[in-house]
Structure formats: structure tokens, C-alpha cells
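See structure below.
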Amino acid sequence: MPHHPENDTDAAQLAALGHKAELNRNFSPIAMLGLAFAILNSWTALSASLSLALPSGGPTSVLWGLITAGVCNLSLAVSLAEFLSAYPTAGGQYHWVAVISWKKWVPLLSWITGWINVSGWIALVASGGLLGSQLIVGVISLMNPSYVTQRWHQFLIYIAYNLVAFLVNTFMTGALPLITRAAFIWSLVGFAVISITVLACASPDYTSAEIVFTEFLNDTNWPDGIAWLLGLLQAGLGLTGFDAVAHMIEEIPNPAVEGPKIMIACVGIGIFTGFIFLMVLLFVSGPFYGSDGIITSTAGPLLQTFYNATGSKAGAICLLIFPLVCLLFATTSIMTTSSRMTYAFARDGGLPFSRFFAKVHPRLELPLNALYGTVVLVVIFGCIFLGSSRQVTEKTFRSFS
């Protein structure tokens, strides 16, 4: 492996923060941007979770809720990017809390922050496979209207998504930068292809601009204001995970400069693509209720929208391939980040059996034990989904996300 002098500087900077450089810095800025955007997966996550927002505020919650959440998340990204530029360590938030807290509170506050972060990232891994399973079950429902979804069907698809992500993270770790670049390209191409196709196929029968930009719906039992705020869950999901850059920062050269720029850029791209894509979907969605309604459809709002726009089941399923693959890229990237977060927290002694989870495999050059721990917990989440009511488990996964 060629020697890069800049890596010596990066290692010295990490040593000044109290840690030894154990991971290879083989991610380029564009590869890291690809990983971060694959995790946000904004246009895919927002469209796949339309059923969260449409009954809780309608199109106004979908579009203007994204702008609201986007401004808030962009503000957070700018703040965290400032910390990242000064303290580029995979620990991220729990390390920064230690820097700014009162000395007597540092151990407790850092420990709490670290546990919240580790738990959140593991739950986020689970959400990728769950969304993928929902889309695939929707395909079956579209092709066979009499099909009744069983939890174990979704569970098997969920396990398949996470198994692929685990194998890629274990045996293709050297190819991860190439994979994340491919994920970035695939996502942008899918965004463009789907947008152009559904607009062309639905023309000229578009939903009116008045409905798209001003329609308010409330099918919850909450007051209108609370219902609209509940719709923000969708926007929050589509812009979650930009701190992945911090937890992967020890694998990119010149981290103090490149990391903050990537963190802010991925949120900006997510807001831009997400708003345009949601606007396109609302213009071509067709009715919200009824036999072809995107809210009531057993095929799911995204696939039903594709079908309403194209008038073809085959065409709708072909378009769905883009978000399905995006979710596979997302699950892989989230699992990568989750294992690095677990490794970093264990390295600082924050977890039970910290020495075990902080080990880096000498041949694979990755925190394999941390990866194992992530996968085991993700499977446990899946078992909870399998054994509990669908409504309870879906709400649980989404609240974690």
C-alpha cells in the first residue's frame, strides 16, 4: 500500500485527541459524500414514508414540513460541522459533549450521549431493511390484490437486506468507497429518471397546484396543529443520519477540512432533491382515497403513485427498482457507520466488554466485533417486529429513526 504523507498528519491530529489511528483512510471526499447521502437517502426515504405525513397534515405537511425540518437540520449540520472541524474523531457527539461540559459532569453526559448515539444508529440500520421489506410486499400486493401480508414475509425480506449489508461490510470493506460512489450516482440517476418518467406519463392529468401546495388533511384523532407536527416525522426521517460523516471521519484524508463540507453538503442535497421529488409525486399521485388512493392502497403510497402515473404495473415496478436498490445501499452504509460508532464508544470504555468491541481485525482492517454486535441487535429488532403487532412495531422503528 503506498504511503501518503498527509495520513501522518491526520494520525498525529487524532493522536492529539487521545486516539491511535487504526483504520485506513481510503474514502475520498466524493466517496464519503456518497456514503452520507446514501444514509440520508432523502428522496427515497421521504417518498417511501408518505403514509406518515399525508394523513397528518396532507400535502402541506409533506412539502412545507420538509422545508421546516430542512432548515432545522441544516442548522444542526452547520453546528456539528464546526465541532467536527475542531475535533475530527469517530466518537462525534459524545466526544464534543466532553469538550464543552463542566468537568464534574463530563463522564455522565458523555456516557448518556454515547449510548443514545449507539442505540440510534443500530435502530436506523433496522429501519432500512424495514422500509425495503414494505416496498417489496407492496409489489406483491399490486400484482395480487388478494394477497394478505404476513409479518414473517416482511421479516425474511428484512433479514435478507441486512444479510447482504453484513456480507458487504465484512468481505468487501476495501470496495466500500467504490460502492458509496456508485450509490451516489444511482440515487441521482434514479431521482431524475423517475421524476421525468412519471411527469411524462401522467401529462396532462396533474393534480391541481392548489391541492399540492395548500391542501390540509387530518385523519388522526389529534387537533390540526398536533397532526401537522406529527407529519414532520416523515421529513425528520428523510434528513436523519448526516452525523455519519463524523463517525466515519477517521477514514478520510484531511478530515478537519473535508468532513464539515461533506456534512453540510449532504443535507443541502437531501433538501433539494427531496422537495422536488415530493412535489413531483404529489402532482402525479392521483386520488388520496378510494380504490386507487395512495393513502389507502395496500401496495403502499409510492408504488401506487407510480402505478397511477404510468397506468402500468410493469412500469411502476420497474421504477420501484431505483428506491429498492437505494435502500440496500442505505442499509449497507448505515451498518458501516453504526459499527464505527460502536467501535469508537467501546474504544473509550463506554460499553460493556469494551475491549472486545474495540478490536480491529488485523486482516480485514475493520472493527469486526462491533459489526457483529450491530447485526445481532438488528436481528433482535426484527424478532420484535415478527412477534408483535404490526402497528406497534412500525411506530417503534419509525420513532427510533
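Heads up: the sequence shown at position 232 corresponds to 238 in my numbering, and the numbers run straight through without jumps. Ideal placement from N, C-alpha and C gives every residue a C-beta, glycine not left out.
Rounded to whole angstroms, what's the CA-CA distance from residue i to residue j? Just pull it up for me.
i	j	result
serine 303	isoleucine 118	41 angstroms
methionine 341	glycine 40	15 angstroms
serine 345	threonine 380	6 angstroms
alanine 92	glycine 98	11 angstroms
serine 291	alanine 262	44 angstroms
threonine 95	threonine 186	21 angstroms
serine 394	alanine 271	39 angstroms
serine 209	aspartate 298	18 angstroms
valine 154	leucine 173	31 angstroms
phenylalanine 294	valine 77	28 angstroms
isoleucine 255	asparagine 79	20 angstroms
glutamate 371	asparagine 30	7 angstroms
serine 5	serine 81	No statement about residue 5 is possible, as the shown extent of the chain runs from 7 to 407 and does not include it.
phenylalanine 403	alanine 129	With a pLDDT of only 46 at phenylalanine 403, under the threshold of 50, the placement of this residue in the model should not be trusted; the figure read from the coordinates follows. Cα to Cα, phenylalanine 403 sits roughly 7 angstroms from alanine 129.
isoleucine 386	glycine 356	22 angstroms
glycine 280	lysine 110	43 angstroms
serine 57	leucine 69	14 angstroms
Whose C-alpha, out of the options, is nearest the C-alpha of residue i?
i	options	result
glutamate 216	Gly64, Phe43, Ile386	Gly64
phenylalanine 222	Ile122, Leu288, Leu130, Ile128	Leu288
alanine 181	Ser394, Phe33, Leu80	Phe33
aspartate 354	Ala54, Tyr100, Pro61	Tyr100
threonine 203	Ala188, Tyr313, Gly76	Tyr313
alanine 188	Val385, Thr155, Ala336	Ala336
phenylalanine 43	Cys389, Gly388, Thr338, Ser394	Thr338
valine 170	Val331, Phe387, Gly393	Val331
asparagine 411	Ile386, Tyr378, Leu383	A question about residue 411 goes unanswered here, because the residues of the chain that appear run from 7 up to 407.
glycine 126	Ala250, Tyr153, Gly71, Trp102	Ala250
aspartate 230	Ser55, Leu60, Leu56	Leu60
leucine 325	Ile106, Lys109, Leu205	Leu205
serine 55	Trp108, Gly144, Phe172, Pro35	Gly144
valine 131	Ala166, Trp108, Phe219, Val112	Ala166
isoleucine 36	Ser107, Leu69, Pro183, Ala233	Pro183
glycine 321	Phe177, Val199, Pro113, Asn260	Val199
serine 164	Ala233, Pro113, Leu334	For clarity, residue 164 is tyrosine in the given sequence; the question names serine instead. Of the listed residues, the one whose Cα sits closest to tyrosine 164 is Leu334.
DSSP state of residue i, grouped into three classes?
i	result
asparagine 79	helix
asparagine 47	coil
asparagine 224	strand
serine 62	strand
serine 116	helix
glutamate 256	helix
asparagine 375	helix
valine 154	coil
asparagine 123	helix
tyrosine 295	coil
proline 229	coil
alanine 206	helix
glycine 317	coil
phenylalanine 289	helix
serine 345	helix
threonine 246	coil
isoleucine 163	helix
leucine 5	Residue 5 lies beyond the stretch modelled for the chain, which goes from 7 to 407, so this question has no answer here.
arginine 369	coil
alanine 305	coil
glycine 393	helix
alanine 87	helix
phenylalanine 278	helix
glycine 388	helix
leucine 330	helix
arginine 31	coil
threonine 338	helix
tyrosine 93	coil
glycine 237	helix
I'd like to check one pair, residue j with residue i: are the Cβ atoms closer than 7 angstroms?
i	j	result
phenylalanine 306	leucine 90	As written in the sequence, residue 306 is glycine, which differs from the phenylalanine given in the question. No.
phenylalanine 328	glycine 196	yes
serine 360	alanine 352	yes
alanine 51	glycine 247	no
alanine 376	phenylalanine 363	yes
serine 53	leucine 308	yes
valine 286	serine 193	no
isoleucine 300	threonine 311	yes
alanine 87	methionine 269	yes
valine 384	asparagine 123	no
threonine 316	cysteine 207	yes
methionine 38	isoleucine 258	yes
leucine 284	glycine 71	no
tryptophan 83	alanine 241	Per the sequence shown, residue 83 should be read as alanine rather than tryptophan. In this structure, alanine 241 does not lie closer than 7 angstroms to alanine 83 by Cβ.
threonine 179	histidine 253	no
Does the segment 45-54 come into contact with the segment 267-283, if we say contact requires no fewer than three beta-carbon pairs (one atom in each stretch) closer than 8 angstroms?
With a cut-off of 8 angstroms, the segment 267-283 and the segment 45-54 count as touching, because enough Cβ pairs lie within range.
For the segment 221-235 and the segment 59-78, state whether three or more C-beta atom pairs, one from each stretch, are separated by less than 8 angstroms.
Contact between the segment 221-235 and the segment 59-78 is present, because at least three Cβ pairs lie under 8 angstroms.
Three Cβ pairs or more, each shorter than 8 angstroms: is that satisfied between the segment 137-149 and the segment 360-367?
In short, these stretches do not touch, since the Cβ pair count stays below three.
Flag this pair as touching only if the segment 152-166 and the segment 125-143 have three or more C-beta atom pairs under 8 angstroms; answer yes or no.
Segments in contact, yes.
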